[in-house]
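>
Residue numbers (the working numbering): 450 to 1209.
What follows is the structure in structure tokens.
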């Protein structure tokens, strides 16, 4: 009797090598099976991780280690409790310390190059081993698991074992010799030799074993393989296997029942996670399955009524953040009846922690990643493949993302780059997503009865502060809204754009990271001096205008709308302009008065002219990570204008970018209806450089030649007129996806774009 398992070479189901591992023997040999065993009594295939009894007809391989079953019979699944990942309420991937033995396999053949044991040790225990390995395998596992799974660094040992080429890498049974690759037989031979050399006490001192095979084995065309739910894995000795932090993580997690990530119906194609083709930590549903992270909520038919009402917000933290809570929203659409087959997961990917690698498709960073998982396997937490499938990446500020197969809709807030979070609202509808609405606001509290002791008139200062205020909308102590002003819901709807300022997982503070590029929320104090002096904090306070009940108790006074910039002091150069921008949360009232407080030092205040510039326009914003503009290729960067409510007026575009040869570039702004304007047209042989900086394009920029000489001195950030006037967009539809297209028309040099902000 033994345990059914397989080794997956990542080439589809036909490439799976099925084994029965004799767990009752100290050597724990693998018996190679003709295929997945089928219980002869029930006709049901025996899944991996289950015990089976069978008779194996051994082939004559000429080796005591090559246990090849040419045929099997009397196959029956052994009776035991069903296997569950979370048996007894504990996930076996939580609180785990792995005592790892790494076996460097050697072959007595000059064509096979074994790994260097010292390099193997360093790959596990040292960081920054090469450009693609910021983390060693020990650090990577600990970072991605938030400390829930670790290698015992002191116990980790690297040993060498010599195995034969025949039977492991060369098969000469029954005909001409052919290249072969038998990971199970390699383990059989290496384990037996180590037992003979070092004794059973040594072999029993480890929980897991990884074999590093020699290079030069043509039939072993995989980066790594592992036994799902087992204790062994195999790695190539190169940058695809041992020297790749994601491959080593991928294989060890197979030992803990984590299967491949799926995409478009293809196994292993999820490029957002190490369990597919991605260079990142596990995805949100994988983190949940491992027991490393918890959802902010699990919704089902009883907690998400079919009333076409937006519910939430549910604030998700980026999956790389080192806490286990609030990492995903889990939805069980059991209202689908017989069609309920998949569970839904939403998680936020951002760059940081274990997700540092820019080789992760940048398409996923800063977006809500939408996965589904087989509901039966998910709910039972069994050990089979739940086919965790990447569906899409949802942009921030998406007003409605429809998932009609579940009669479900989602909307997203802006990305909070300070807290590393995003807020979601969800709606379950009966007919269509367009029916989703906001819940009616709670009734206003009655005006309190004024006690005689409180009838004394307010002091003059208090009267001035309260002038014109009656039932003003309360404002939380939050100074940056997830939504631009133009995207705020109707005032009769809940303010999804206003997170809970008392909750550190949702609070946003402009003083930590003001949104200086957002003209829809920014207030700018501008100082124009003639002598250089330092300036520090500025506060802009807007006082709403409504009627006033002078006898309302002071405890009912509303907070004023305010924004504060408390950044480091900055100098005001002689005869020039200095700007400091702060972000202000929309308050929902008209502004009656504005107070600006400046902490400023200047030897001659008469030299200064200070202006407050209010925001205007609707906004679309693209934010990196920084994208390379490859030679002779096109890069399209996109962002949406939503809920603007008016046609295009004036247009400005502020791009942060760089390129060593400006003449190589062609930059075009494309409106949602296809209207275009060329900002820059390539001019071969131009030696002008475009250093990293912000370049503002506007029709109102100073009159200068269009090209060459992109304006003033080409090497300086500044304001420029586009080659084709933005007035071509006037009167056209504002809402929709805007594209800034970058084309590098020559070879030899590459540039990059970090961000852009469009105001229309």
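Built from N, CA and C at the ideal position, the CB exists for glycine as well.
Because the structure is a prediction, the values reported are computed rather than measured.
Going by C-alpha distance, which of 760, 570, 509, 812 is nearest residue 888?
Closest by alpha carbon: 760.
> Taking 8 Å as the threshold (C-beta atoms), are residue 722 and residue 735 in contact?
Taking 8 Å as the Cβ cut-off, residue 735 and residue 722 qualify as a contacting pair.
> Taking the runs of the alpha helix (DSSP H) that are 4 residues or longer, which of them lie wholly in the region 700-784?
Runs of the alpha helix (DSSP H) inside the region 700-784: 733-739.
> Measure the alpha-carbon distance for residue 1169 versus residue 1100 and round it to whole angstroms.
Straight-line Cα distance between these residues: approximately 13 Å.
> Distance, Cα to Cα, residue 792 vs residue 1176?
Going from the Cα of residue 792 to the Cα of residue 1176 covers about 48 Å.
> Quick check on this structure: which residue in 1116, 1068, 1140 has the alpha carbon closest to the alpha carbon of residue 1129?
Selected option, being the one with the closest Cα: 1116.
> Do residue 795 and residue 868 count as a contact pair if the criterion is CB distance below 8 Å?
Contact: no.
> Along the chain, where does the beta strand (DSSP E) that runs through residue 1103 open and close?
Element bounds for residue 1103: 1101-1108.
> Would you please state the rounded distance, in angstroms, between the beta carbons of residue 1119 and residue 1188? I believe it to be under 8 Å.
Between residue 1188 and residue 1119 the Cβ distance is about 4 Å, and since that is below 8 Å, they are a contact.
> Report the three-state DSSP secondary structure of residue 681 (helix, strand or coil).
The answer is strand: DSSP assigns residue 681 an E or B state.
> Ordered along the chain, which non-local residues of its own chain (more than five positions away) have a Cβ less than 6 Å from that of residue 951?
For residue 951, the predicted model reports a pLDDT of 37, less than 50, meaning its position is unreliable; a value from the coordinates is still stated below. The answer is none, since no qualifying residue turns up.
> What does a CB cutoff of less than 6 Å around residue 879 pick up in its chain, not counting 5 residues either side in sequence?
The answer, listed in chain order, is 755.
> Taking the alpha helix (DSSP H) that residue 859 belongs to, which residues open and close that run?
Unbroken run through residue 859 is the beta strand (DSSP E), 857-861; no alpha helix (DSSP H).
> By DSSP, does residue 844 sit in helix, in strand, or in coil?
Residue 844: coil per DSSP, three-state reduction.
> With distance defined between alpha-carbon atoms, name the residue in 1182, 1141, 1126 nearest to residue 1077.
Residue 1077 has its Cα closest to that of 1141, out of 1182, 1141, 1126.
> Mind reading off the beta-carbon distance from residue 556 to residue 607? Whole number of angstroms is fine, and I expect it under 8 Å.
So it is not a contact: roughly 18 Å between Cβ atoms.
> Rounded to the nearest angstrom, what separates residue 728 and residue 691 at their Cα positions?
Residue 728 and residue 691: Cα-Cα distance of roughly 14 Å.
> Classify residue 881 as buried or exposed, calling it buried when 16 or more other Cβ atoms lie within 10 Å of its own Cβ.
The residue in question, residue 881, is exposed, as its Cβ has fewer than 16 Cβ neighbours within 10 Å.
> Put residue 1068 into one of helix, strand or coil per three-state DSSP.
Residue state, collapsed to three classes: strand.
> Round the Cβ separation of residue 678 and residue 498 to the nearest angstrom and send it over; I've been treating them as touching at under 8 Å.
Confirmed, Cβ separation roughly 5 Å.
> Opposite residue 468 in the DSSP bridges: which residues?
Residue 468 pairs with 454, 481.
> My output table needs one value for residue 639: the three-state DSSP class, helix, strand or coil.
If DSSP states are grouped into helix, strand and coil, residue 639 belongs with the helices.
> Can you give me the C-alpha to C-alpha distance between residue 549 and residue 684, rounded to a whole angstrom?
Distance between the alpha carbons of residue 549 and residue 684 is about 14 Å.
> For the region 731-747 against the region 623-639, are there 3 or more C-beta pairs whose distance is under 8 Å?
No: fewer than three Cβ pairs fall under 8 Å.
> Kindly indicate which three-state DSSP category residue 668 falls into: helix, strand or coil?
Here residue 668 sits in coil by DSSP.
> Label residue 812 either buried or exposed according to how many other C-beta atoms from any shown protein chain fall within 10 Å of its C-beta, with 16 as the threshold for buried.
Answer is exposed; the Cβ neighbour count stays below 16.
> Quick one, are the C-beta atoms of residue 846 and residue 1089 less than 8 Å apart?
Closer than 8 Å, so yes.
> Could you give the distance in angstroms between the alpha-carbon of residue 841 and the alpha-carbon of residue 820?
The alpha-carbon atoms of residue 841 and residue 820 are separated by roughly 7 Å.
> Spatial neighbours of residue 504 within its chain, please: CB distance less than 7 Å, with the 5 preceding and 5 following residues excluded, ordered by chain position.
Contacts found: 521, 522, 523.
> Residue 653: which of 884, 1197, 604 sits nearest, CA to CA?
Ranking 884, 1197, 604 by Cα distance to residue 653 puts 604 first.
> Can residue 1186 and residue 1079 be called in contact, C-beta distance under 8 Å?
No, they are not a contact pair.
> Report yes if the C-beta distance between residue 1124 and residue 1071 is below 8 Å; otherwise report no.
For residue 1124 and residue 1071, no; Cβs fall outside 8 Å.
> So for residue 646, helix, strand or coil by DSSP?
Residue 646 falls in the helix class under three-state DSSP.
> Could you check whether residue 872 and residue 762 sit closer than 8 Å to each other, using their CB atoms as the reference points?
Cβ distance < 8 Å, so residue 762 and residue 872 count as in contact.
> Use the C-beta contact count for residue 740: other C-beta atoms within 10 angstroms, 16 or more gives buried, fewer gives exposed.
When all chains shown are included, residue 740 counts as buried.
> DSSP state of residue 820, grouped into three classes?
Residue 820: strand per DSSP, three-state reduction.
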